[in-house]
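Q:
Printed below as a string of structure tokens:
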């Protein structure tokens, strides 16, 4: 996951806020929350978010913490479920030692918890929630280090037109905030570029079988399938079943598919020749990230992307 360097920067910002915002209470302890889907199909990328934040915590603590007090990261598992995300938010807000939260990374969880964190004025910095209006609802506590879906959709449309040379596009998206909004923004971008022969259908995350909707896609006979699933395992099922059904179209996965194990390997060869959209550059190609990569791989093993 190439957004992981941003996660370290987000944690550094939260720790900086902790050093100044509540200085009178710092001696009692310093907690920083990390809200994400640490169980389920999105567990692998969310674990990278947690681990990357821990690297920043470890570095800060090695310098003596804040005013001599060590920082503790507290994990809050929302399992990609808004109701559980709300429970995590209430837990973090009730923690009097909590100075800020990394996450939630999913747009629909961020939306469900926005008011809870905002009412408590608890700083939250998401690394991936990309629905545009999350930062347009008047809450001063909410920040993000990633691009928005209006930027993603436009860039996806440009890639489909200029690189994949498609004239006919099928877009399949989950009924969650991120997927629905990215679908909408991509369609708007394609239409602006003159591509109007577009099929849009809904899929269910975690369904394990997309053959019914893909059969419709086969009849439509598109040049490209843009498959907007939140997790890598769902993208793997999508590309595998696309090949099994003999659909002669380029498979284009969304950023959730950028995972060697859960997409490329899980697809059992079907991912060969497919494309995956991602908003960040290759972290291995960024010289300034070399120290972070070395620390991550030494402590946690290789990064998923």
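Residue numbers (the working numbering): 18 to 322. All residues carry an ideal CB built from backbone N, CA and C; glycine is no exception.
#1: What does the Cβ neighbour count give for residue 308, buried or exposed, with the cut at 16 atoms within 10 Å?
#2: Tell whether a beta-carbon distance below 8 Å holds between residue 244 and residue 200.
#3: Let me make sure I understand the geometry here. Which of 233, 237, 221 and 263 has the alpha-carbon closest to that of residue 252?
#4: Let me confirm a value: residue 138 is counted as buried when at least 16 other C-beta atoms fall within 10 Å, else exposed. Which label applies?
#5: Per DSSP, what are the beta-bridge partners of residue 51 in this structure?
#6: Starting from the C-beta of residue 122, find all residues in its chain whose C-beta is less than 7 Å away, skip the five residues before and the five after it, and write them out in chain order.
#7: Is the beta carbon of residue 164 less than 8 Å from the beta carbon of residue 296?
#8: Under a Cβ-count criterion, where at least 16 other Cβ atoms within 10 Å of its own Cβ denotes burial, should residue 40 be classed as buried or exposed?
#9: Could I get the ranges of all uninterrupted alpha helix (DSSP H) runs contained in the stretch 204-241, with 4 residues as the minimum, in chain order?
#10: Assuming residue 279 contacts residue 246 under a Cβ cut-off of 8 Å, what Cβ separation, rounded to an integer in Å, is found between them?
#11: If residue 46 sits next to residue 110, beta carbons under 8 Å apart, how far is it from one beta carbon to the other, in whole angstroms?
#12: Which one of 170, 101 and 48 has the shortest CA to CA distance from residue 56?
#13: For residue 231 and residue 264, which I take to be in contact (beta-carbon distance under 8 Å), what is that distance rounded to the nearest angstrom?
#14: When DSSP labels each residue in this structure, what does residue 285 get in the three-state scheme?
#15: Helix, strand or coil, according to DSSP, for residue 64 in the structure here?
#16: Can you tell me the Cβ-Cβ gap for residue 88 and residue 74, rounded? I've got them flagged as a contact below 8 Å.
#17: Within its chain, find whatever has a CB closer than 7 Å to the CB of residue 274; leave out the 5 residues flanking it on each side and keep chain order.
#18: Taking 7 Å as the limit between beta carbons, can you name the residues of its chain near residue 224, skipping five residues before and five after?
#19: Give me, in chain order, the residues of the same chain whose beta-carbon lies closer than 6 Å to that of residue 185; leave out the 5 immediate sequence neighbours on both sides.
#20: As a quick exercise: from 262, 174 and 209, pick the residue whose alpha carbon is nearest that of residue 233.
#21: So if DSSP puts residue 161 in a beta bridge, which residue, or which two residues, is it bridged to?
#22: Please report the residue range of the beta strand (DSSP E) in which residue 188 lies.
#23: Going by DSSP in three states, residue 83 sits in which element: helix, strand or coil?
#24: Can you name the start and end residues of the alpha helix (DSSP H) that residue 268 belongs to?
#25: Spatial neighbours of residue 203 within its chain, please: CB distance less than 7 Å, with the 5 preceding and 5 following residues excluded, ordered by chain position.
#26: Just to confirm, are residue 125 and residue 99 a CB contact at a threshold of 8 Å?
#27: Taking DSSP's pairing of strands, which residues face residue 245 in a bridge?
#28: Leaving out the 5 sequence neighbours to the left and right, which residues in its chain are closer than 6 Å to residue 129 when beta-carbon positions are compared?
#29: Is it right to say residue 191 is buried, meaning 16 or more other beta carbons lie within 10 angstroms of its own, or is it exposed?
#30: What does a CB cutoff of less than 8 Å around residue 210 pick up in its chain, not counting 5 residues either side in sequence?
#31: Using the C-alpha atoms, what's the distance from residue 195 back to residue 255?
A: This is what the structure gives:
#1: Residue numbering aside, residue 308 sits at position 291 when the chain shown is read from its first letter. Exposed, by the Cβ-count rule.
#2: Your numbering for residue 244 matches position 227 in the chain shown. Your numbering for residue 200 matches position 183 in the chain shown. No, these two residues do not count as a Cβ contact at 8 Å.
#3: Counting from 1 along the chain shown, the entry for residue 252 is found at position 235. Among 233, 237, 221 and 263, the Cα nearest to that of residue 252 is on 221.
#4: Here residue 138 refers to the residue found at position 121 when the chain shown is read from its first residue. Label assigned to residue 138: exposed.
#5: Position 34 of the chain shown holds residue 51. 92 and 119, per the DSSP bridge assignment.
#6: One-based indexing of the chain shown puts residue 122 at position 105. Closer than 7 Å at Cβ, skipping near neighbours: 53, 63, 66, 143, 144, 145 and 146.
#7: Residue numbering aside, residue 164 sits at position 147 when the chain shown is read from its first letter. Residue numbering aside, residue 296 sits at position 279 when the chain shown is read from its first letter. Yes, they are a contact pair.
#8: Position 23 of the chain shown, counting from 1, holds the residue named residue 40. Its pLDDT being 45, under 50, residue 40 is placed unreliably by the model, and the measurement read from it follows with that caveat. With fewer than 16 other Cβ atoms within 10 Å, it is exposed.
#9: 228-237
#10: For the purposes of this step, residue 279 is taken as residue 262 along the chain shown, with counting starting at 1. For the purposes of this step, residue 246 is taken as residue 229 along the chain shown, with counting starting at 1. In fact, because the Cβ distance is near 11 Å, the residues do not count as touching under 8 Å.
#11: If you number the chain shown from 1, residue 46 lands on position 29. If you number the chain shown from 1, residue 110 lands on position 93. Rounded, the Cβ-Cβ distance is 16 Å, inconsistent with contact.
#12: Here residue 56 refers to the residue found at position 39 of the chain shown. Out of 170, 101 and 48, 101 has the C-alpha closest to the C-alpha of residue 56.
#13: Residue numbering aside, residue 231 sits at position 214 when the chain shown is read from its first letter. Residue numbering aside, residue 264 sits at position 247 when the chain shown is read from its first letter. 7 Å between Cβ atoms; contact.
#14: The sequence position of residue 285 within the chain shown is 268, counting from 1. Coil, per DSSP.
#15: Residue 64 sits at position 47 when you count from the first residue of the chain shown. DSSP places residue 64 in helix when its eight states are reduced to three.
#16: One-based indexing of the chain shown puts residue 88 at position 71. One-based indexing of the chain shown puts residue 74 at position 57. Between residue 74 and residue 88 the Cβ distance is about 5 Å, and since that is below 8 Å, they are a contact.
#17: Here residue 274 refers to the residue found at position 257 when the chain shown is read from its first residue. Once the five neighbours on either side are set aside, the close Cβ partners of residue 274 are 249, 252, 280 and 293.
#18: Mapped onto the chain shown, residue 224 falls at position 207. If we look at residue 224 and ignore the five residues flanking it on each side, it has no Cβ neighbours.
#19: By 1-based counting over the chain shown, the position of residue 185 is 168. Same-chain partners within the cutoff: 214, 239 and 240.
#20: To locate residue 233, count along the chain shown from 1; it is residue 216. For the residues 262, 174 and 209, the minimum Cα distance to residue 233 belongs to 262.
#21: Stepping through the chain shown from its first residue, residue 161 is reached at position 144. Answer is 143, bridged to residue 161.
#22: Position 171 of the chain shown, counted from the first residue, corresponds to residue 188. 185-191 is the span of the beta strand (DSSP E), which, as asked, contains residue 188.
#23: Numbered from 1 along the chain shown, position 66 holds the residue referred to as residue 83. Here residue 83 sits in strand by DSSP.
#24: For the purposes of this step, residue 268 is taken as the residue at position 251 of the chain shown. From DSSP, residue 268 is part of no alpha helix (DSSP H) but of the beta strand (DSSP E) over 267-270.
#25: As a first step, residue 203 is located in the chain shown; it is residue number 186 there, counting from the start. Here the set comprises 170, 173, 174, 188 and 243.
#26: Taking the first residue of the chain shown as position 1, residue 125 is located at position 108. Taking the first residue of the chain shown as position 1, residue 99 is located at position 82. Going by C-beta atoms, residue 125 is nearer than 8 Å to residue 99.
#27: Residue mapping note: residue 245 aligns to position 228 of the chain shown, counting from 1. Answer is 190.
#28: As a first step, residue 129 is located in the chain shown; it is residue number 112 there, counting from the start. Around residue 129: 99, 102 and 103.
#29: Start at 1 with the first residue of the chain shown, and residue 191 comes out as number 174. Looking at its Cβ environment, which holds 16 or more other Cβ atoms inside 10 Å, residue 191 is buried.
#30: The sequence position of residue 210 within the chain shown is 193, counting from 1. Once the five neighbours on either side are set aside, the close Cβ partners of residue 210 are 174, 175 and 178.
#31: As a first step, residue 255 is located in the chain shown; it is residue number 238 there, counting from the start. As a first step, residue 195 is located in the chain shown; it is residue number 178 there, counting from the start. Rounded to whole angstroms, residue 255 to residue 195 spans 18 Å at the Cα level.
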